[in-house]
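Novice: Numbering (my numbering), first residue to last: 2 to 82. Glycine is no exception: its CB is placed at the ideal position from the N, C-alpha and C atoms.
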Amino acid sequence: MMPCLNLSTNGSVPMAFGGTEQPAAYGELVSIGGLSPDVNKKLSGAIANILETKLSVPKSRFYLKFYDTKGSNLGWNEATF
């Protein structure tokens, strides 16, 4: 199976983080296998760097939730993976 990434952003959602409304982000990453503590750490760092450099969201104001799932739990093109 070819790796793929789908990312969407929504900048119009009010968000409080640590008691302030300064720039912040929350994300969820779903993978069909391949996640591990080491992989998650690398992905978290890479995404935090992108958010900080491209969207001015400090790394300390970002949460990322990881989900490792089976292909049968994700639908696409009238089927599942």
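Of all the options G35, L65, V40, which has the alpha carbon lying nearest to the alpha carbon of A49?
Specialist: Comparing Cα positions, the closest option is L65.
Novice: Thinking C-alpha only, which one of K55, T81, D39, T70 is nearest S32?
Specialist: Here the closest residue by C-alpha is T70.
Novice: Whole angstroms is fine: what's the gap from N78's alpha carbon to G34's?
Specialist: When rounded, the distance between both Cα atoms is 20 Å.
Novice: Is F82 buried or exposed, if buried means 16 or more other CB atoms sit within 10 Å of its CB?
Specialist: Label assigned to F82: exposed.
Novice: Which of the three DSSP states is assigned to L8 in this structure?
Specialist: Coil, per DSSP.
Novice: Can you name the start and end residues of the alpha helix (DSSP H) that S45 belongs to?
Specialist: 38–56 is the span of the alpha helix (DSSP H), which, as asked, contains S45.
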